[in-house]
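Some notes on the structure that comes next.
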Amino acid sequence: MLGGIGIPELIVIFAIVLLFFGAKRLPEIGKSLGKGIRDFQDSLKGIEDEVNREIPPGDTRNSGSSTQEHPHEPSEHRDRPQG
Numbered sequence: 011m012l013g014g015i016g017i018p019e020l021i022v023i024f025a026i027v028l029l030f031f032g033a034k035r036l037p038e039i040g041k042s043l044g045k046g047i048r049d050f051q052d053s054l055k056g057i058e059d060e061v062n063r064e065i066p067p068g069d070t071r072n073s074g075s076s077t078q079e080h081p082h083e084p085s086e087h088r089d090r091p092q093g
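Residue numbering for the sequence shown follows this note's numbering, starting at 11 and increasing by one per position.
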């Protein structure tokens, strides 16, 4: 599920939140949490759109990548110890 968090763990977390904040404030907390997540996602989308405007997808001309297609193979022989 969520990185090892199952149903029993979610129930325990919900119970702790319920005890800490009380039943009357839970809808308010859920609403503000949802708004915060939505604002965060909108910000990420805006940043992604700005980056895509500056560097179109698939444009790798000036990416500065220096990766090699074929990495160096290890040498087959080893130096023998002297002595």
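Cβ atoms here follow ideal geometry from the backbone N, Cα and C, with glycine treated the same way.
For Ile-26, the enclosing alpha helix (DSSP H) starts and ends at 17-31. About 6 Å separates the beta carbon of Ile-39 from that of Phe-31, a gap short enough to meet the 8 Å contact definition. Residue state for Arg-35 is assigned as coil, using DSSP reduced to three classes. For a cut-off of 8 Å, the C-beta gap from Leu-28 to Leu-36 is around 7 Å, short enough to register as a contact. DSSP, read as helix, strand or coil, puts Ile-65 in coil. If you draw a straight line from the Cα of Phe-24 to the Cα of Gly-68, it comes to about 44 Å.
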